[in-house]
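Just so we're aligned: 72 in UniProt numbering is position 72 of the first sequence, and the numbers increase by one with no gaps anywhere.
Glycine included, each C-beta is placed from N, C-alpha and C at the ideal position.
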Amino acid sequence: MSRWILHADLDQFLAAAELLRRPELAGLPVVVGGDGDPDSRTVVATASYEARAHGVTSGTPMKLARRKLAKHRPDAVFLPSDTAYYQRVSDEVMRLLRGLGEPVEVIGWDEAFVGTDGEPWALARRIRTTVATTGLSCAVGIGDNTLRAKTATGYAKPGGIHELTAANWFATLGQDPPSALPGVGPATTRALAELGITTVAGLAEARPGDVAARLGPHRGPYYVSLGRGMGRTELDTGPWVPRSRSRETTFPADLTDRADLHAELRVLAHRVADDVAAEGRDCVRVGIRVRTRTFRTTTRSRALDPPGRDAGAIAALAAVLLDELAPDRPVRLLGVRAELADAA
DNA sequence: TCTGGGGTCCTAGGACCC
DNA sequence: TCTGGGGTCCTAGGACCC
Numbered sequence: 001m002s003r004w005i006l007h008a009d010l011d012q013f014l015a016a017a018e019l020l021r022r023p024e025l026a027g028l029p030v031v032v033g034g035d036g037d038p039d040s041r042t043v044v045a046t047a048s049y050e051a052r053a054h055g056v057t058s059g060t061p062m063k064l065a066r067r068k069l070a071k072h073r074p075d076a077v078f079l080p081s082d083t084a085y086y087q088r089v090s091d092e093v094m095r096l097l098r099g100l101g102e103p104v105e106v107i108g109w110d111e112a113f114v115g116t117d118g119e120p121w122a123l124a125r126r127i128r129t130t131v132a133t134t135g136l137s138c139a140v141g142i143g144d145n146t147l148r149a150k151t152a153t154g155y156a157k158p159g160g161i162h163e164l165t166a167a168n169w170f171a172t173l174g175q176d177p178p179s180a181l182p183g184v185g186p187a188t189t190r191a192l193a194e195l196g197i198t199t200v201a202g203l204a205e206a207r208p209g210d211v212a213a214r215l216g217p218h219r220g221p222y223y224v225s226l227g228r229g230m231g232r233t234e235l236d237t238g239p240w241v242p243r244s245r246s247r248e249t250t251f252p253a254d255l256t257d258r259a260d261l262h263a264e265l266r267v268l269a270h271r272v273a274d275d276v277a278a279e280g281r282d283c284v285r286v287g288i289r290v291r292t293r294t295f296r297t298t299t300r301s302r303a304l305d306p307p308g309r310d311a312g313a314i315a316a317l318a319a320v321l322l323d324e325l326a327p328d329r330p331v332r333l334l335g336v337r338a339e340l341a342d343a344a
């Protein structure tokens, strides 16, 4: 248990990582996402601040991003997402953070918690200078638990430091909508509004039982605790152990032919099987995902009996599930997922 | 405007068992 | 003969995050 939790978040990570190896792009709007095909049906993963200035943010459809930037920034640069490279850059940053001698919990490519019993502002500045040695920059949130640290980072971006504790929690965001809290999205915000809860302070004062009746026995009380600013003070410093592996593809054009669908499914299943084998663990359950032209998404899953990592067995079960699902509309996306056995 | 890919966790209903 | 309640597993879907 740590007295202070710090949350480090790399600024515009994917775009910044690209600038590391292409310094000549500095100052230009840089948009990372998809496979680099200008017409692909994909979205922006990360946009540099120069691109954000023109309304291009994460999640913007790539075609729309091109249109928005074409007007004012014909010099904008579009790059395909190179996940293997970003992972290497991330690994190096996390290695440096672990070198600080404090507990570190990695929670994403570009985010980590660092715990300390020492002076948190001094550590926050050390984190920023340490990360800067890689050529990247980060914002740091300081909190008395993980939730307050992560929330604080939102006030620190880009590249700053902000502290959020029990002392200033409600003064800072008590009147903000519940969606200001990490883990509360649009659907939950809507459901809470139906209960008359429209602010973080209101959520904190709600009766957990009332929220549970609307949002579930576990989630209801959890949301109330979020409103109160409660979070962990214990970090999980162990390596991340994946619970599932999946691969999915949105096709350039919708597929209707059953043989085409099965051929694509087989490719995905084999890629998943490769990932499962690389984990050195068995697959216990196989799932597929089908999204049709109308964007309706359905899933099917079934236990793999016996569990294993044989690509043929995983692909065969995926094929059975696709036949059962038998989509009757043109298919936009196919996905295959393997749930992994508990690590030994 | 036309909506990615890779993940995690929770919920709820039905089956099944005692 | 009829009725019960609780626990657990399986599965589909929802919500959210980066």
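Proximity to F113 across T237, M62, R281 and V284 peaks at T237, based on C-alpha coordinates. Between the alpha carbons of D39 and D117 lies a distance of about 51 Å. T292 is a Cβ neighbour of R332, given a cutoff of 8 Å. Of the residues assessed, D9 falls on the buried side of the cut-off, its CB having 16 or more other CB atoms within 10 angstroms.
Counting along the chain, I5 sits inside the beta strand (DSSP E) bounded by residues W4 to L10. Per DSSP, E102 lies in no alpha helix (DSSP H) segment and is marked neither H nor E. Using a Cβ-Cβ distance cut-off of 8 Å, the region 303-317 and the region 277-284 are in contact, since at least three pairs of beta carbons, one from each stretch, lie closer than that value. Excluding residues up to 5 positions away in sequence, L304 lie with their Cβ nearer than 7 Å to the Cβ of A313 in the same chain. The region 79-87 and the region 22-38 touch, with three or more beta-carbon pairs separated by less than 8 Å. DSSP, reduced to helix, strand and coil, places R66 within a helical segment of the structure shown.
Going by beta carbons, I288 and A315 fall outside the 8 Å limit. Spatial neighbours of E264 in its own chain (CB-CB distance under 6 Å, excluding positions within 5 residues in sequence) are listed in chain order as L334. Per DSSP, the beta bridge partners of S246 are R337. Between A15 and S58 a beta carbon distance of about 10 Å is seen, past the 8 Å cut, so the two are scored as non-contacting.
By alpha-carbon distance to V93, the top candidate from S137, M62 and V77 is S137. The three-state secondary structure of P330, taken from DSSP, is coil. Within the same chain, D9 come within 6 Å of E111 by CB-CB distance, once the 5 residues on both sides are set aside. In this chain, the beta strand (DSSP E) harbouring R302 covers T297 to G308.
Per DSSP, T130 is not a residue of any beta strand (DSSP E); the alpha helix (DSSP H) it occupies stretches across P120 to A132.
For H262, the enclosing alpha helix (DSSP H) stretches over residues R258 to E279. Secondary structure of P74 (DSSP, three-state): coil. Note that the region 216-226 does not touch the region 126-143; fewer than 3 beta-carbon pairs, one per stretch, sit closer than 8 Å. The residue among D254, V267 and R271 with its C-alpha nearest the C-alpha of F295 is D254.
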